[in-house]
Amino acid sequence: MRPTWSGAISFGLVTIPIKVYPATESHAVSLRQIHLADGGRIRNRKVCEVDGQELRQDEIGRGYETATGTFVEITDADLDNMPLPTAKAIEIVAFVPAESIDPIQIGASYYLAADGVGAKPYELLRQALQRSSKVAVAKFAMRDRERLGLLRVMDKVIVLHGLRWPDEIRTTDQVPVPDTTVTDEEVDAAVALAETLSGLDVSELRDEYRAALEQVIAAKAGGERPAAAEPAAPASAEVVDLMAMLERSVADAKSARSSSGTADATVHNLSPGKKPAAKKPAPVKKAAAKRKPPRSA
Numbered sequence: 003m004r005p006t007w008s009g010a011i012s013f014g015l016v017t018i019p020i021k022v023y024p025a026t027e028s029h030a031v032s033l034r035q036i037h038l039a040d041g042g043r044i045r046n047r048k049v050c051e052v053d054g055q056e057l058r059q060d061e062i063g064r065g066y067e068t069a070t071g072t073f074v075e076i077t078d079a080d081l082d083n084m085p086l087p088t089a090k091a092i093e094i095v096a097f098v099p100a101e102s103i104d105p106i107q108i109g110a111s112y113y114l115a116a117d118g119v120g121a122k123p124y125e126l127l128r129q130a131l132q133r134s135s136k137v138a139v140a141k142f143a144m145r146d147r148e149r150l151g152l153l154r155v156m157d158k159v160i161v162l163h164g165l166r167w168p169d170e171i172r173t174t175d176q177v178p179v180p181d182t183t184v185t186d187e188e189v190d191a192a193v194a195l196a197e198t199l200s201g202l203d204v205s206e207l208r209d210e211y212r213a214a215l216e217q218v219i220a221a222k223a224g225g226e227r228p229a230a231a232e233p234a235a236p237a238s239a240e241v242v243d244l245m246a247m248l249e250r251s252v253a254d255a256k257s258a259r260s261s262s263g264t265a266d267a268t269v270h271n272l273s274p275g276k277k278p279a280a281k282k283p284a285p286v287k288k289a290a291a292k293r294k295p296p297r298s299a
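If you count the sequence shown from 1, position 251 lands on 253 in my numbering, and the numbers rise without skipping.
Next comes the structure, spelled out in structure tokens:
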């Protein structure tokens, strides 16, 4: 890995020189735009609107468009010399419980490594985070804007997670909420299904779409026809019996776990093929007309 940024962590009066490394990588299969007539690749060219010239990267700068349509050029020097304490440092502003951070705020992740004389204060901060069982909220400037971040410990490394600012999180007010009810028995059955599906090792999950796409590419590159997909089950407009579907799902999940050698989880005494206690499930009402989803912003 190569560092993408270097600076320091500001921890009170303690300064910790660090290097920042990307913690994730993309394994997505890249598809290019091509001309269907001759297979030529389509490329995006950067052209000036004023003189129509195609520009090299070293001829391109950055600017802010004003209300009158003119541009104010902003240089790297302008950004580097802004009077911000976070311009060269990750400034810790608070320590908070990890559960107080909503996952919807979390963005890109980075590994932080001690740089030179930063080894001892880095280790001090790492152990302080571990012993306090808290995470640190920090401010830092990267890629032309100030960002909010979270510092936590993973193995023996301090990890920086980019956080969205509170005003960047949309409220749920415009999301349509189902106008329906479910019975306690149905909720118990859903919980039983959730417990049956617990215990999965997430590290074993694989990107099946990418694998399938690679097989399609390999087949077509070799002059073969890609394998046909299995036909999908037709969608049914009938109102389903939720209890029957949940019980069947629990039985299927337990059967799959047994065949893979995984121990079954407790499922609230919901045995396959048995319906819960004497109460009959409430009749399912006819499905109401679906509301249209809100338009994307």
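Glycine residues also receive a C-beta, built at the ideal position from the N, C-alpha and C atoms.
{"Check": "Range of the contiguous alpha helix (DSSP H) that encloses residue 123", "Outcome": "121-134"}
{"Check": "Under 8 Å between C-beta atoms of residue 196 and residue 248", "Outcome": "no"}
{"Check": "Bounding residues of the alpha helix (DSSP H) (the contiguous stretch that carries residue 91)", "Outcome": "No alpha helix (DSSP H) contains residue 91, which is instead part of the beta strand (DSSP E) from 91-99."}
{"Check": "Expected contact under 8 Å - CB spacing of residue 23 and residue 124 to nearest Å", "Outcome": "The pair is not a contact, with the Cβ atoms about 14 Å apart (cut-off 8 Å)."}
{"Check": "Coarse secondary structure for residue 198, derived from DSSP in three states", "Outcome": "helix"}
{"Check": "Minimum length 3: unbroken beta strand (DSSP E) runs contained in the region 43-87", "Outcome": "64-67 and 73-76"}
{"Check": "Reduced DSSP category for residue 148 - H, G, I as helix; E, B as strand; rest coil", "Outcome": "strand"}
{"Check": "Within 8 Å, strictly: CB atoms of residue 212 and residue 29", "Outcome": "yes"}
{"Check": "Residue 136 and residue 100 closer than 8 Å at C-beta", "Outcome": "yes"}
{"Check": "Cβ distance (whole Å) where residue 217 is taken to contact residue 228 below 8 Å", "Outcome": "7 Å"}
{"Check": "Residue 38 versus residue 44 - alpha carbon distance", "Outcome": "10 Å"}
{"Check": "Where the alpha helix (DSSP H) containing residue 215 begins and where it ends", "Outcome": "210-223"}
{"Check": "Cα-Cα separation, residue 176 to residue 116", "Outcome": "45 Å"}
{"Check": "Alpha-carbon spacing of residue 243 relative to residue 184, whole angstroms", "Outcome": "12 Å"}
{"Check": "Backbone CA spacing between residue 187 and residue 246 [nearest angstrom]", "Outcome": "11 Å"}
{"Check": "For residue 28, the residue or residues it bridges with in DSSP", "Outcome": "DSSP, once it has assigned bridges, lists no residue as partnering residue 28."}
{"Check": "N- and C-terminal bounds of the beta strand (DSSP E) containing residue 164", "Outcome": "159-165"}
{"Check": "Own chain residues within Cβ distance below 6 Å of residue 25, not counting five before or after", "Outcome": "111, 112 and 113"}
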